[in-house]
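**Q** Heads up, the sequence shown is in my numbering, so the first residue is 2 and it goes up one at a time.
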Amino acid sequence: MASTYRSADCDQYRMEYSKPHRELEPPAREIAVVDEALSALVAEGILPHAKYDHQKMLAHRKAVRDAFEIPWTAITPRMQRLLYAINAIAQPANLIAAGVFCGNTFISNAGAAVGPGACYRARQLLAVEIDPAKAALAERNVRKIDPTGTARVLAEDAVDTARNFPEPIDLMYLDADGTAQQGKGIYLTILQAAWDRIRPGCVVLAHNSFNCAERLEHYLSFVRDPANMRASVNVLFDREGLEVSIR
Ligand SMILES: C[S@@+](CC[C@H](N)C(=O)[O-])C[C@H]1O[C@@H](n2cnc3c(N)ncnc32)[C@H](O)[C@@H]1O
């Protein structure tokens, strides 16, 4: 089933990309909106429940604020909380995050398993960024929070990483913006390159389901087709949006 969760204030809630840590609303409001989104994911059978540790999420947020160099980001505080919560609940052993820029999107996912927000033990949390300088920045950032190496960043084309990853994938996060011709249309290429290892129950997250919906037309048609994915929910509570799908 394909459905949409849209918060009433979706059009008004927005961040300045150069101020990643600025609080945009009272914490109770942020928690309530993210809880509504999580409930929509539970209702569609994408998540088994909507409970996560709020103190650990805040410890994760503080570690990122203190340690990460973030030139800019489009990850709003609501999205950071939702990504952390989805990972804390789904607890993926193997995660691939594609197109991670400075690593903020990646650690929003991986922070449920490494660093002070960790609530489970993962096997391999792999981020991939095609630009070597950005990949090096992301790797430096991630190392400050995760000295263990469970979470790591490769400088590579995410299509190759997806094609070559040798194990079943439990969660995939898509944010690569491809070439000028492809743009975010590359999401579908990456997903299909990994398709035979996208195990049943794998959760696939696609950032920019709202502001890049046109470029994502083929991707969104694919994940909303019940022949491919069991369920898919378009979460709209900021200007970017997140399509959350389960195989
Ligand atoms: C726009 S950024 C994502 C930023 C993120 N939404 C945030 O708010 O921090 C997309 C990234 O994907 C990377 N990228 C583009 N094509 C890629 C590919 N084929 N494989 C891996 N990374 C890629 C770009 O270099 C860029 O850093």
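Glycine is no exception: its CB is placed at the ideal position from the N, C-alpha and C atoms.
(1) Collect the residues with a C-beta less than 6 Å away from any heavy atom of ligand 2 and give them in sequence order along the chain.
(2) Which residues in the same chain as F188 place their Cβ atom closer than 6 Å to its Cβ, once the five residues preceding and following it in sequence are excluded?
(3) For the stretch 234-243 against the stretch 199-213, do three or more pairs of beta-carbon atoms, one drawn from each stretch, fall closer than 8 Å, so that the two count as touching?
(4) Buried or exposed: where does P279 fall if 16 or more other Cβ atoms within 10 Å of its Cβ makes it buried?
(5) At a cut of 8 Å, does the stretch 133-147 reach the stretch 165-175 through at least three beta carbon pairs?
(6) If you count every other CB in all the chains shown that lies within 10 Å of the CB of Q81, and 16 or more means buried, which is it?
(7) Using CA coordinates, which residue listed in R248, L217, R216 and V236 is at the minimum distance from M230?
(8) Identify every residue that forms a DSSP beta bridge with V205.
(9) Which residues in the same chain have their Cβ closer than 6 Å to the Cβ of A232, if we skip the five residues on either side of it in sequence?
(10) When you compare each of V143, G116 and A119 to A128 by their alpha carbons, which one comes out closest?
(11) Could you check whether P21 and I71 sit closer than 9 Å to each other, using their CB atoms as the reference points?
(12) Which first and last residues belong to the alpha helix (DSSP H) in which Y220 is found?
(13) What's the call for S8, buried or exposed, on a 16-neighbour Cβ count within 10 Å?
(14) What's the call for P185, buried or exposed, on a 16-neighbour Cβ count within 10 Å?
(15) Could you give the distance in angstroms between the alpha-carbon of G125 and the alpha-carbon of G112?
(16) Tell me, to the nearest whole angstrom, how far the beta carbon of V234 is from that of A194; I am working on the premise that it is less than 8 Å.
(17) Leaving aside the five residues before and after P201 along the sequence, list all residues of the same chain whose C-beta is less than 7 Å from its C-beta, in chain order.
(18) Output needed for H55: all residues of its chain with C-beta closer than 8 Å, excluding positions within five of it in sequence on either side, in chain order.
(19) Can the beta-carbon of Y14 be found less than 9 Å from the beta-carbon of E26?
**A** Inspection of the coordinates gives the following:
(1) In terms of ligand content, the structure shown lacks ligand 2 and carries ligand 1 instead.
(2) The residue given as residue 188 occupies position 187 in the sequence shown. According to the sequence as given, residue 188 is Tyr; it is not Phe. A distance below 6 Å between beta-carbons, with the five flanking residues on each side excluded, links Y188 to the following residues of its chain, in chain order: L175, A207 and Y220.
(3) Counting Cβ pairs under 8 Å, three or more are found: they touch.
(4) Because the chain here runs from 2 to 248, residue 279 falls outside it and cannot be looked at.
(5) Taking a cut-off of 8 Å on C-beta distances, the stretch 133-147 does not touch the stretch 165-175, as fewer than three cross pairs fall below it.
(6) Position 80 of the sequence shown, counting from 1, holds the residue named residue 81. Its Cβ being crowded by 16 or more others within 10 Å, Q81 is buried.
(7) The residue labelled residue 230 in the question sits at position 229 within the sequence shown. Taking the Cα of M230 as reference, the smallest distance to any Cα among R248, L217, R216 and V236 is reached at R248.
(8) Along the sequence shown, one-based indexing puts residue 205 at 204. In the DSSP output, where bridge partners are listed per residue, V205 has M173 and S246.
(9) What you label residue 232 is simply residue 231 of the sequence shown in a count that begins at 1. M2, E45, G46, I47 and I247, listed in sequence order.
(10) Against the sequence shown, residue 128 aligns to sequence position 127. Looking at the Cα atoms, V143 is the closest of the given residues.
(11) The residue you call residue 71 lines up with position 70 of the sequence shown. The residue you call residue 21 lines up with position 20 of the sequence shown. Going by C-beta atoms, I71 is nearer than 9 Å to P21.
(12) Here residue 220 corresponds to residue number 219 of the sequence shown, with the count starting at 1. Counting along the chain, the alpha helix (DSSP H) containing Y220 begins and ends at E218 to V224.
(13) Position 7 of the sequence shown, counted from the first residue, corresponds to residue 8. It counts as buried.
(14) Reading the sequence shown from its first residue, position 184 is the one you call residue 185. Note that residue 185 is Lys in the sequence shown, not Pro. K185 should be labelled buried.
(15) In the sequence shown, the residue the question calls residue 125 occupies position 124. In the sequence shown, the residue the question calls residue 112 occupies position 111. Inspection of the sequence shows that residue 125 is occupied by Gln rather than by Gly. Rounded to whole angstroms, the gap between the alpha carbons of Q125 and G112 is 13 Å.
(16) The residue labelled residue 234 in the question sits at position 233 within the sequence shown. The residue labelled residue 194 in the question sits at position 193 within the sequence shown. Rounded, the Cβ-Cβ distance is 24 Å, inconsistent with contact.
(17) Residue 201 sits at position 200 when you count from the first residue of the sequence shown. The answer, listed in chain order, is R248.
(18) Counted from its first residue, the sequence shown places residue 55 at position 54. Excluding sequence neighbours, H55 sits near I32.
(19) In the sequence shown, the residue the question calls residue 14 occupies position 13. In the sequence shown, the residue the question calls residue 26 occupies position 25. Yes, the pair counts as a contact, with Cβ atoms nearer than the cut-off.
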